[in-house]
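Below is one structure, written out as structure tokens; comments come after it.
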Amino acid sequence: MEQQREAGTLGMWVFLVTEIMFFGGMFLAYTLYRSMFPAAFASASNHLDITLGAVNTGVLILSSFTMAMAVYFTQIGKRRPQILCLVLTLILGLTFLGIKAVEYHDKYTDRLIPGHLIPSAPFGPAVNEHGKPPDHHKLTLLTGATLPQVEMFYWIYFAMTGMHALHMIIGAGLLTFLLIYSIKGRFDPEYHSPVEVIGLYWHFVDIVWIFLFPLLYLLGRHLEHG
Amino acid sequence: MSEHIVPVRIYVTIFLALLVGTTLTVMAAFYDFPWQFNTIIALTIASVKATLVVLYFMHVRYSSRLVWVIVAAALFWMAILFALTLSDYQTREWLSSGY
């Protein structure tokens, strides 16, 4: 059993390595375009909702904690707290996706969905003019930033957060599976590899967000009033 | 059963540390540091948070050498990806003929 569990964990780690490379490519694209268009990236980032982003970071960290606790309670064979932790993790994961959906909708109403992804609302945000009081639905362009460069930020923003959200949706599906099986009483201290392995996946998705949050939401805040 | 069970106390500590890290990174983002220090500080805090998750929530600290090697390999290949691509982009301007 020990060897089987070890093999399962190892297999999941190898899969996570491929996931790291997958997200790594997008982080690389982000790095290159940000170094080319620093002012536009700062301007576009400042338009994101920092409160929703920070709350979502907290939600995801809490869900990672409850996931770790679910693994813990499985290891010591306490089924009721184990089920409770899995339910909490699932609810927190769905909360994250809900907040993300609100953010996406805000971007839609501000015409920030890049290209013609939404044919009826192509990219075309309103821009705040100098000397007039800023409207937070409009974009404030820092010196040197142009709208096509801002659009590039939003391509990357939607690609990265979209892929991350897809991973969250898959994770929520996996958690549902875990929940059904643990209600059926399939896991005990001797056999619980699925809980451990899906836990690893869930923490990985959390780590991706830990990097996405500062890189997407926080990069230009110090330039906002300067 | 030779599996290592991480005590709850450690999970709670890591969870609190992650929340503190998030608060710090938001606070630091509004302060205007010289040069590229805003980015460096943000990435340092994120890396510390990620390391805590990997070591404790993902149990790597208590895992076999083989798991360590796999995690290290992932980081190493990421470093190659970034180093080779960035060395290309950073040196293009050295050519007088343009690219």
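As you go down the protein sequences, you meet chains A and B in turn. All residue numbers for the first sequence refer to our numbering, where the first residue is 625 and numbers rise by one. All residue numbers for the second sequence refer to our numbering, where the first residue is 1263 and numbers rise by one. Cβ atoms here follow ideal geometry from the backbone N, Cα and C, with glycine treated the same way. It should be emphasised that the depicted structure is a prediction, and the values quoted were computed from it without experimental measurement.
| query | result |
| --- | --- |
| Per DSSP, what are the beta-bridge partners of L763/A in this structure? | V751/A |
| Does the beta-carbon distance from A678/A to Y778/A come in below 9 Å? | no |
| Of all Cβ atoms in chain B, is any one closer than 9 Å to the Cβ of M787/A? | no |
| Out of T713/A, P738/A, C709/A and T698/A, which one is the CA nearest neighbour of D830/A? | T713/A |
| Please state whether the Cβ-Cβ distance between L790/A and V774/A is less than 9 Å. | no |
| May I have the straight-line CA-CA distance separating N1300/B from F837/A, to the nearest angstrom? | 14 Å |
| For G701/A, which residues in the same chain have their Cβ closer than 7 Å to its Cβ, ignoring the five residues on either side in sequence? | D812 and P813 |
| Let me know the secondary structure DSSP gives I700/A once reduced to three states. | coil |
| Going along the chain, which residues of the region 811 to 836 of chain A sit with their C-beta nearer than 7 Å to a C-beta in chain B? | P813, L824, H827, D830, I831, I834 and F835 |
| Tell whether a beta-carbon distance below 9 Å holds between F651/A and L839/A. | yes |
| Applying the 10 Å Cβ sphere with the 16-neighbour rule, what's the burial state of L686/A? | buried |
| From this set, F697/A, K724/A and H740/A, which residue's C-alpha is nearest I674/A's C-alpha? | K724/A |
| Is the separation between the beta-carbon of S659/A and that of L766/A shorter than 9 Å? | no |
| Counting only Cβ-Cβ distances shorter than 8 Å, please list the residues of the region 1300 to 1314 of chain B near chain A, keeping chain order. | N1300, T1301, A1304, L1305, I1307, A1308, K1311 and A1312 |
| Does the beta carbon of R629/A sit closer than 9 Å to a beta carbon anywhere in chain B? | yes |
| So, for Y1324/B: in the same chain, excluding its five sequence neighbours on each side, which residues have a beta-carbon less than 8 Å away from its beta-carbon? | H1266 and V1268 |
| At a CB-CB cut-off below 7 Å, which residues of chain A make contact with S1326/B? | E630 |
| Counting only C-beta atoms, is L1348/B closer than 9 Å to chain A at any point? | yes |
| Could you check the C-alpha separation between L736/A and G786/A for me, to the nearest Å? | 15 Å |
| For a contact defined as C-beta to C-beta under 8 Å, what are the partners of M1340/B on chain A? | I644, M645 and G648 |
| Three or more C-beta pairs closer than 8 Å, one from the region 1323 to 1342 of chain B and one from the region 635 to 642 of chain A: is that the case here? | yes |
| What is the DSSP secondary structure of H816/A, counted as helix, strand or coil? | coil |
| I'd like the list of long-range same chain contacts for V751/A, defined as Cβ closer than 8 Å, with 5 residues on each side in sequence excluded. | K762, L763, T764, L765 and L771 |
| Going along the chain, which residues of the region 1270 to 1281 of chain B sit with their C-beta nearer than 9 Å to a C-beta in chain A? | V1270, Y1273, V1274, I1276, F1277, L1280 and L1281 |
| Cα separation between M784/A and F647/A? | 8 Å |
| Mind checking whether E834/A and A1312/B have CB atoms under 9 Å apart? | Note that residue 834/A is Ile in the sequence shown here, rather than Glu. Yes, the pair counts as a contact, with Cβ atoms nearer than the cut-off. |
| Could you name each continuous alpha helix (DSSP H) segment of 4 residues or more that falls completely within the region 1272 to 1354 of chain B, going from the start of the chain to the end? | 1299 to 1314 and 1327 to 1353 |
| Can a CB atom of chain B be found closer than 9 Å to the CB of R704/A? | no |
| Count the other C-beta atoms from every protein chain shown that fall within 10 angstroms of the C-beta of E1355/B, then say buried if there are 16 or more, exposed otherwise. | exposed |
| For H827/A and V1315/B, which I take to be in contact (beta-carbon distance under 8 Å), what is that distance rounded to the nearest angstrom? | 5 Å |
| Distance check for T733/A and P743/A, CA to CA, integer angstroms please. | 13 Å |
| Measuring alpha carbon to alpha carbon, tell me which residue in M792/A, I807/A and G809/A is nearest I822/A. | M792/A |
| How should H816/A be labelled, buried or exposed, when 16 other C-beta atoms within 10 angstroms of its C-beta is the threshold for buried? | buried |
| Assuming A1336/B contacts I644/A under a Cβ cut-off of 8 Å, what Cβ separation, rounded to an integer in Å, is found between them? | 5 Å |
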